[in-house]
Amino acid sequence: MATKVIMPKLSPTMEEGQISRWLKKEGDKVSMGEPLAEIDTDKATMEMQALANGVLRKILIGEGQSAPLGQLIAVIGEPNEDISAVLSEAPAAAAAPPKEQEQAKQEQAQPAPQAKAAVASAAPARSRVDNGRQPQAAAAADSGRLIVSPLAARMAAEAGIDLRSLQGSGPGGRIIKKDIEAAISQPQAAPAPQGYPRVIETTRFQQAGATAYRDEAASQIRQTIAKRLVTSLGPVPHFFLTCDIEMDRAAEMRRGINALDPDLKISINDIIIKVAAAALLQHPQVNASFQEKFVRYYEHADIGVAVAIEDGLITPVVRAADQKPLSQIAADVRELAERARSKKLKPEEYTGATFSISNLGMFGIDEFTAVINPPEGAILAIGAMTAKPVVRDNEIVIRQMMRVTMSCDHRIVDGATGAKFLQTFKKILENPLYLVV
Amino acid sequence: MQTLTIREALNQALREELARDETVFLMGEEVAEYDGAYKVTKGLLDEFGSKRVIDTPITELGFAGLGVGAAMAGLRPIVEFMTFNFSILATDQIINSAAKMLYMSGGQFKIPIVFRGPGGSAFQVSSQHSQALESWYAYFPGIKVVMPSTPADAKGLLKSAIRDDDPVVFIEQERMYGNKGDVPDDPDFTIPLGVADVKRAGTDVTIVARSLMVPVALKAAETLAQQGVSCEVVDPRTIRPLDINTIIDSVKKTNRVVIAEESHPHFGVSGEISAQIVEQAFDYLDAPIKRVSGADVPMPYAKNLENLAIPDVNRIVAAVREVAYLD
Numbered sequence: 001m002a003t004k005v006i007m008p009k010l011s012p013t014m015e016e017g018q019i020s021r022w023l024k025k026e027g028d029k030v031s032m033g034e035p036l037a038e039i040d041t042d043k044a045t046m047e048m049q050a051l052a053n054g055v056l057r058k059i060l061i062g063e064g065q066s067a068p069l070g071q072l073i074a075v076i077g078e079p080n081e082d083i084s085a086v087l088s089e090a091p092a093a094a095a096a097p098p099k100e101q102e103q104a105k106q107e108q109a110q111p112a113p114q115a116k117a118a119v120a121s122a123a124p125a126r127s128r129v130d131n132g133r134q135p136q137a138a139a140a141a142d143s144g145r146l147i148v149s150p151l152a153a154r155m156a157a158e159a160g161i162d163l164r165s166l167q168g169s170g171p172g173g174r175i176i177k178k179d180i181e182a183a184i185s186q187p188q189a190a191p192a193p194q195g196y197p198r199v200i201e202t203t204r205f206q207q208a209g210a211t212a213y214r215d216e217a218a219s220q221i222r223q224t225i226a227k228r229l230v231t232s233l234g235p236v237p238h239f240f241l242t243c244d245i246e247m248d249r250a251a252e253m254r255r256g257i258n259a260l261d262p263d264l265k266i267s268i269n270d271i272i273i274k275v276a277a278a279a280l281l282q283h284p285q286v287n288a289s290f291q292e293k294f295v296r297y298y299e300h301a302d303i304g305v306a307v308a309i310e311d312g313l314i315t316p317v318v319r320a321a322d323q324k325p326l327s328q329i330a331a332d333v334r335e336l337a338e339r340a341r342s343k344k345l346k347p348e349e350y351t352g353a354t355f356s357i358s359n360l361g362m363f364g365i366d367e368f369t370a371v372i373n374p375p376e377g378a379i380l381a382i383g384a385m386t387a388k389p390v391v392r393d394n395e396i397v398i399r400q401m402m403r404v405t406m407s408c409d410h411r412i413v414d415g416a417t418g419a420k421f422l423q424t425f426k427k428i429l430e431n432p433l434y435l436v437v
Numbered sequence: 001m002q003t004l005t006i007r008e009a010l011n012q013a014l015r016e017e018l019a020r021d022e023t024v025f026l027m028g029e030e031v032a033e034y035d036g037a038y039k040v041t042k043g044l045l046d047e048f049g050s051k052r053v054i055d056t057p058i059t060e061l062g063f064a065g066l067g068v069g070a071a072m073a074g075l076r077p078i079v080e081f082m083t084f085n086f087s088i089l090a091t092d093q094i095i096n097s098a099a100k101m102l103y104m105s106g107g108q109f110k111i112p113i114v115f116r117g118p119g120g121s122a123f124q125v126s127s128q129h130s131q132a133l134e135s136w137y138a139y140f141p142g143i144k145v146v147m148p149s150t151p152a153d154a155k156g157l158l159k160s161a162i163r164d165d166d167p168v169v170f171i172e173q174e175r176m177y178g179n180k181g182d183v184p185d186d187p188d189f190t191i192p193l194g195v196a197d198v199k200r201a202g203t204d205v206t207i208v209a210r211s212l213m214v215p216v217a218l219k220a221a222e223t224l225a226q227q228g229v230s231c232e233v234v235d236p237r238t239i240r241p242l243d244i245n246t247i248i249d250s251v252k253k254t255n256r257v258v259i260a261e262e263s264h265p266h267f268g269v270s271g272e273i274s275a276q277i278v279e280q281a282f283d284y285l286d287a288p289i290k291r292v293s294g295a296d297v298p299m300p301y302a303k304n305l306e307n308l309a310i311p312d313v314n315r316i317v318a319a320v321r322e323v324a325y326l327d
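Listed in order, the protein sequences are those of chains A and B.
Using the numbering used here, you'd call the opening residue of the first sequence number 1 and step up by one each time.
Using the numbering used here, you'd call the opening residue of the second sequence number 1 and step up by one each time.
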């Protein structure tokens, strides 16, 4: 019997996938559980496994092409079987996606609290409590019911693995023990081969007329960034608050701590995270998110830290930064950033921040504005720390200065609210002893 | 250690218990003069005399009732059914009298009786003489049901059954009377009722098998080992009380279960074991529990059909491979 191969849901926010590479060609024998293709999701490159035995009869979506979740992308069947009936569904399936997406968009635009579970996946679970429940909740994925053995479900819950990111190798795609063990030992598919940075070649300019161009398919992560950002700066009414912060004491504290134990390797950014978390607890209105019919206030400060990766950026989350010592924050950030660069973050590690920090100081940027990562209420853009002449007690003195700009969601954070938060942030960062008072 | 057939091991158990306790006596069709239809009682009439080893008329309900009365009066009867097929005639005494007397008499009358004989399939004796009835008896509270699969188990369990103060249905297997195995020499060797035995240790799949299916399951495990699948074969030995803990422990280790039995598939022992596994170890299951049972038809007479009706090595191997997601 011919088996339809459909675009699977490989990450919690995935809406479509791009075939990075077919690992089998038409006519190849395939068996259940064997890797069939590599798929670029919005977050990572994942392997898709065959869910049936037979021969790969037809590939409908070529390499580099994308298909929405659930679309027919290939057919597996017996060598001489008539698959025309299955294939006849293909055009219909291909026509469906824009409509589905439109629908998804509409649903997203009006997520009332009583909204269906399907909508919840558009806004990944926010609190740690929800994150813990995620694997069970996964039983009702968008693309239909997930089939999981009881053992696999329990193992996934214990290991904090999102079942929706897995492909079952059991009959009918059932997720079984083996799949969870594989996911534990190998959290994500191997990262796509990384190119070396190219040396810029300088050639003599000989162009006349309009410049030539080339089109390259946008990677899934690039498309996701694009999609996420226009749901921010467009619909979310941003306003910006900027101030200068004197960093001498913070820098001194950093030197002092690292002198105590060089292994700690505390960075200025780690201190900024800690201070932001402390300030957020004093200003819960900023540690919140606008949810259309209600405003959600978070108990802890889960700080998203923007990390530049090869083909985009991602914001791994330092959980409960308000409760963690600096040493733990530093270790968390190092470890998360490293795995972000190798694309090995688990979905729950880059979703569900309550506030984000983006630091471009290392690029020599003095100040910039950052785009809020919805549904967070604000983001802080950190510029470079540089020695500047400033006036203190009517004297011109040299101080390490840093300019920060906070982008606020005006629907929940008003000017004065944001300003007061920033004031607290500045006060603590200029006098980090407040952290221990 | 001695090597005995199951027939000899049972005979030894009867002899030792008749000698040990003079309240023990044996009755049934052909048990005395003829040495038993299957020679399990061979030599016992000569040794213990006609007061202790008694031939009965062909009246199962009658002599089963006689046994219950004797037990109420303080004796320890062993009632042989030529086969358990004929126990069907005596079920009123077994179920309504033996099983319930202790309860209905407010604890005044215990019934230390053993009903024993071969059950399950025999060779080409067709529908009425080739059937497994353990689920009938195991259904009722007040009765114990024992099914040995080796000579040592047969001897140790029969001795425990005779010494037990509750009625015990002790189901042997006609096809297995000639099976040989090691049996301890110790005359006080017994095996407690209600304790399962892991007949082969393994890590990938648990096969729960009883009676005739134990050697079949062990052969299947051997075949599967060559295919790289490690099977644990658990023999409950006593159906009631069922040692579910040993089965659960095994399932927690292997996460996959096949239950093999020669009885019919529906409403039987495998269904009960499955239910208890799901109740107690649901979160440990990686695959649906798979049952390999006798065909859901009256036992055919024709040799080829009879073979198809009884689970064999191939069917168990296929079931194990299925729950291990190998095919």
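For glycine and all other residues, C-beta sits at the position ideal for the given N, C-alpha and C.
Residue nearest to A/Asp322 within the set A/Ile73, A/Asn287, A/Ile309 is A/Asn287 (criterion: CA-CA distance).
Pairing B/Ile248 with B/Val208 gives a Cβ-Cβ distance that is not under 8 Å.
Think of a sphere of 7 Å around the beta carbon of A/Pro35: no beta carbon from chain B falls inside it, the nearest being about 17 Å out.
By alpha-carbon distance to A/Thr3, the top candidate from A/Ala85, A/Gly17, A/Ala67 is A/Ala85. Among the residues of chain B, those whose CB is under 8 Å from the CB of A/Lys177 are Asn255, Asp286, following chain order. In this structure, A/Thr369 and A/Thr315 do not form a Cβ contact; the two beta carbons are roughly 16 Å apart against a cut-off of 8 Å. When DSSP states are grouped into helix, strand and coil, A/Asn269 belongs to the helix group. Closer than 8 Å to the CB of A/Ser31 there is not a single CB belonging to chain B. If you compare the alpha carbons of B/Glu279, B/Ser130, B/Val258, B/Thr83 with that of B/Ser270, the shortest gap goes to B/Val258. The segment 67 to 85 of chain B makes contact with the segment 102 to 115 of chain B, as at least three CB pairs between them are under 8 Å.
Residues of the segment 151 to 162 of chain A that bring their beta carbon within less than 7 Å of a beta carbon in chain B comprise Leu151, Ala152, Arg154, in sequence order. Every unbroken stretch of the alpha helix (DSSP H) spanning 4 or more residues and falling wholly within the segment 294 to 347 of chain A is given here in chain order: 326 to 341. Judged by DSSP in its simplified three-state form, A/Ile161 adopts coil rather than helix or strand. Shortest Cα-Cα distance from A/Asn359 to any of A/Ala353, A/Lys9, A/Glu367 involves A/Glu367. For the segment 263 to 283 of chain B, residues whose beta-carbon sits nearer than 7 Å to a beta-carbon of chain A comprise Phe282, Asp283. One alpha carbon belongs to A/Arg222, the other to B/Ser274, and they sit about 51 Å apart.
Scanning its chain for C-beta atoms nearer than 6 Å, with the 5 sequence neighbours on each side dropped, one finds around B/Gly65 the residues Gln93, in chain order. Nearest to A/Ile357 by C-alpha distance, out of A/Met155, A/Leu151, A/Ala277, A/Leu166, is A/Ala277. For the pair B/Arg210 and B/Asp235, the CB atoms are nearer than the 8 Å cut-off. Between the C-alpha atoms of A/Pro235 and A/Arg411 there is a straight-line separation of about 11 Å. Residue environment analysis places B/Ile58 among the exposed positions, since fewer than 16 neighbouring C-beta atoms fall within 10 angstroms of its C-beta. Identification of chain B residues near A/Gly170 by a Cβ-Cβ cut-off of 8 Å yields Ala287, Tyr325, ordered along the chain. Taking the C-beta atoms as reference points, A/Val55 is found no nearer than 8 Å to A/Pro35. Looking at the backbone, the Cα of B/Lys252 and that of B/Ile289 are separated by about 13 Å. Taking a cut-off of 8 Å on C-beta distances, the segment 279 to 288 of chain B does not touch the segment 173 to 181 of chain B, as fewer than three cross pairs fall below it. Contact annotation, B/Tyr137 with B/Val169: C-beta distance approximately 4 Å; criterion of less than 8 Å satisfied. In the same chain as B/Met72, and ignoring 5 residues on each side of it, the C-beta atoms closer than 6 Å to its own belong to Phe109, in chain order. One alpha carbon belongs to A/Ile303, the other to B/Cys231, and they sit about 49 Å apart. As for any beta strand (DSSP E) of minimum length 3 sitting wholly inside the segment 15 to 79 of chain B, the runs are 24 to 28, 53 to 55, ordered along the chain.
Under the DSSP assignment, A/Ala182 falls in the alpha helix (DSSP H) whose first and last residues are 177 to 185. Secondary structure note for A/Ala416: its alpha helix (DSSP H) is the uninterrupted segment 415 to 430. Following the DSSP letters along the chain, one finds B/Thr206 inside the beta strand (DSSP E) bounded by residues 205 to 209. Taking CB atoms only, A/Ser149 has a neighbour in chain B less than 8 Å away. Between A/Gln18 and A/Gln71, the CB-CB gap reaches or exceeds 8 Å. Taking a cut-off of 8 Å on C-beta distances, the segment 373 to 383 of chain A touches the segment 225 to 235 of chain A, as three or more cross pairs fall below it.
A/Ala52 has its alpha-carbon roughly 15 Å from the corresponding atom of A/Glu26.
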